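Visitor: Numbering (the numbering used here), first residue to last: 778 to 1202. C-beta: ideal position from N, C-alpha, C; glycine also. Bear in mind that the values here come from a model prediction, so they are computed numbers and not experimental data. The structure follows.
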């Protein structure tokens, strides 16, 4: 075997190895976990930082890798063709095509990419220091290639990705949702954790009107009542904060806290003649019903508040919301010794549920792990009316959204009690 043949074979082997390097690098840099690399960078890993800087300029990176890969593949194929033609004549072209296709496919594509997929972070950290100067060196050529590509895509009507912060934020949220759904398929992932993560992402899409306690169920106190009666109502109530009204229930003049009331009355030793309830009460905090959970949570944190009264666009009282209500949307029910079970709900022997029409859909979904839609109505009675498109009569039965609804009792145009059965599909 002469020296020229040895050099040609050696050069082909080196070029195939370089091709494998570029192929594995492309796979590793795109498959490596961004979150893990970010954590490693925060821990002081310089190579992880280099990987992240490369990925920040993804278009240049991919173009440079493809440039290098194509160069070495073409050179290797040219050398192999020249060598085999000198050995076998014109038939050497066919031999070179078959041999190089097999070698490139196995050793320069499948093998390095498979390894990179199995060890993406390790490979990415290994190749980053080598690729950075390569990308920098060929940056002018890569820039020219990208300009041609962008021009061609515009001619074909393909728009460039929008880098607006809102668009990027939406894309990041979609990626997180996909990751949550994907990993929830694993047996080790607890459904509660999936629900919590999903709810956090949905906080911008849920309004206070969907989780608030409706005004019908809000316990309030008439500020014009004798102070002794007010004290008794506060002490017997399971709630620590109660709205005060004067004149009419819509006219909320303050919010009384049980601790503030006790601090005020204990020193008086039973003589409450000098006590005015509104002097003890705090200013009511009103918020619009269209406020999102995320905005209200931030508002509670900024104001160091736990309690807000929800009003509609006309200023009419719609209900109230607490910090605990928002937290329960994320983590589920937070029970304490003063919590009241969902009122007006009874599970029957056939596993159907007898419920008041005023019970909220979200309470039922949370209590029974149901999936009743709550986009168009807040209460179970409202859902039935919305879906049925009529005011139902007693005894009517409806099947929709995977549940059976039987109207049990009705007062005027209001559904007061119904039975709900989940249909098995």
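1) Out of 791, 1151, 1076, state which residue places its alpha-carbon closest to the alpha-carbon of residue 854.
2) Which residue marks the beginning of the alpha helix (DSSP H) containing residue 1062, and which one marks its end?
3) Compute the beta-carbon to beta-carbon distance between residue 897 and residue 808, rounded to the nearest angstrom, for a pair I have assumed lies under 8 angstroms.
4) What three-state label does DSSP hand residue 1114 in the structure shown?
5) Taking 9 angstroms as the cut-off, decide whether the C-beta atoms of residue 789 and residue 857 are in contact.
6) Determine which residues share a DSSP beta bridge with residue 990 and list them.
7) If we ignore side chains and look at the alpha-carbon of each, how far apart do residue 1009 and residue 1174 end up?
8) I need the straight-line Cα distance from residue 976 to residue 1079, nearest angstrom please.
9) Give me the Cα-Cα distance between residue 1114 and residue 1094, rounded to the nearest whole angstrom.
10) Are three or more beta carbon pairs between the stretch 1172 to 1188 and the stretch 1146 to 1154 nearer than 8 angstroms?
11) Who pairs with residue 1181 in a beta bridge, going by DSSP?
12) How would you call residue 882, buried or exposed, if buried means at least 16 neighbouring beta carbons within 10 angstroms?
13) What residues in its chain sit with their C-beta under 8 angstroms from that of residue 1005, if we drop five residues either side in the sequence?
14) What number of angstroms, rounded off, separates the C-alpha of residue 994 from the C-alpha of residue 1098?
15) Is the stretch 793 to 812 touching the stretch 859 to 873 in the sense that three or more CB pairs, one from each, lie closer than 8 angstroms?
16) Apart from the five residues just before and just after residue 1153, which ones in its own chain have a Cβ nearer than 7 angstroms to its Cβ?
17) In terms of residue numbering, what span does the alpha helix (DSSP H) encompassing residue 911 cover?
18) I'd like the list of long-range same chain contacts for residue 904, defined as Cβ closer than 6 angstroms, with 5 residues on each side in sequence excluded.
19) Could you check whether residue 1023 and residue 1051 sit closer than 9 angstroms to each other, using their CB atoms as the reference points?
20) With DSSP run on the structure shown, which of helix, strand or coil describes residue 942?
21) Could you check the C-alpha separation between residue 828 and residue 902 for me, to the nearest Å?
22) On a CA-only basis, which of 1135, 1169, 1122, 1188 is nearest residue 1198? Give me that one, please.
23) Compute the beta-carbon to beta-carbon distance between residue 988 and residue 1106, rounded to the nearest angstrom, for a pair I have assumed lies under 8 angstroms.
24) Between which residues of its own chain and residue 922 is the CB-CB distance below 6 angstroms, once the five residues before and five after are set aside?
Guide: On the basis of the supplied data:
1) Position 77 of the chain shown, counted from the first residue, corresponds to residue 854. Of the candidates 791, 1151, 1076, the residue whose Cα lies closest to the Cα of residue 854 is 791.
2) Position 285 of the chain shown, counting from 1, holds the residue named residue 1062. Residue 1062 -> no alpha helix (DSSP H), and no H or E assigned at all.
3) Along the chain shown, read from residue 1 onward, the residue named residue 897 stands at position 120. Along the chain shown, read from residue 1 onward, the residue named residue 808 stands at position 31. Right, the Cβ-Cβ distance comes to about 4 angstroms (below 8 angstroms), so this counts as a contact.
4) For this step, residue 1114 is matched to residue 337 along the chain shown. Model confidence at residue 1114 stands at a pLDDT of 46, short of 50, so the residue's coordinates are unreliable and nothing is read from them.
5) In the chain shown, counting from the first residue as 1, residue 789 sits at position 12. In the chain shown, counting from the first residue as 1, residue 857 sits at position 80. Taking 9 angstroms as the cut-off, the beta carbon of residue 789 is found closer than this to the beta carbon of residue 857.
6) The residue labelled residue 990 in the question sits at position 213 within the chain shown. Bridge partners of residue 990: 1097.
7) Walking along the chain shown from the start, residue 1009 turns up at place 232. Walking along the chain shown from the start, residue 1174 turns up at place 397. Residue 1009 and residue 1174 have their C-alpha atoms roughly 44 angstroms apart.
8) For the purposes of this step, residue 976 is identified with residue 199 of the chain shown, where counting begins at 1. For the purposes of this step, residue 1079 is identified with residue 302 of the chain shown, where counting begins at 1. Whole-angstrom Cα-Cα distance: 21 angstroms.
9) Here residue 1114 refers to the residue found at position 337 when the chain shown is read from its first residue. Here residue 1094 refers to the residue found at position 317 when the chain shown is read from its first residue. Confidence in residue 1114 is poor, its pLDDT being 46 and thus under 50, which makes the residue's placement too unreliable to answer from.
10) The stretch 1172 to 1188 vs the stretch 1146 to 1154: in contact.
11) Position 404 of the chain shown holds residue 1181. Its beta-bridge partners are 1176, 1198.
12) The residue given as residue 882 occupies position 105 in the chain shown. With fewer than 16 other Cβ atoms inside 10 Å of its own Cβ, residue 882 counts as exposed.
13) For the purposes of this step, residue 1005 is taken as residue 228 along the chain shown, with counting starting at 1. So the qualifying residues of the chain are 1049.
14) Looking up residue 994 in the chain shown gives position 217. Looking up residue 1098 in the chain shown gives position 321. Using only the alpha carbons, I get a separation of about 12 angstroms.
15) They do not touch, by the three-pair rule.
16) Within the chain shown, residue 1153 is the residue found at index 376, counting from 1. Closer than 7 angstroms at the Cβ level, and outside the excluded window around residue 1153, lie 1163.
17) Sequence index remark: in the chain shown, residue 911 carries index 134 (1-based). Bounds of the alpha helix (DSSP H) holding residue 911 are 897 to 914.
18) For the purposes of this step, residue 904 is identified with residue 127 of the chain shown, where counting begins at 1. Counting only Cβ-Cβ distances below 6 angstroms, and skipping sequence neighbours, we find 802.
19) Within the chain shown, numbered from 1, the residue matching residue 1051 stands at position 274. Within the chain shown, numbered from 1, the residue matching residue 1023 stands at position 246. Contact: no.
20) Within the chain shown, the letter at position 165 stands for residue 942. At residue 942, the pLDDT of 48 sits below 50, so the modelled position is not reliable and the matter cannot be decided from this model.
21) Taking the first residue of the chain shown as position 1, residue 828 is located at position 51. Taking the first residue of the chain shown as position 1, residue 902 is located at position 125. Going from the Cα of residue 828 to the Cα of residue 902 covers about 6 angstroms.
22) Locating residue 1198 in the chain shown gives position 421, where the first residue counts as 1. Across the set 1135, 1169, 1122, 1188, the C-alpha of 1122 shows the shortest separation from the C-alpha of residue 1198.
23) The residue given as residue 988 occupies position 211 in the chain shown. The residue given as residue 1106 occupies position 329 in the chain shown. Their Cβ separation, rounded to whole angstroms, is 6 angstroms, which keeps residue 988 and residue 1106 in contact under 8 angstroms.
24) Within the chain shown, numbered from 1, the residue matching residue 922 stands at position 145. The answer, listed in chain order, is 840.
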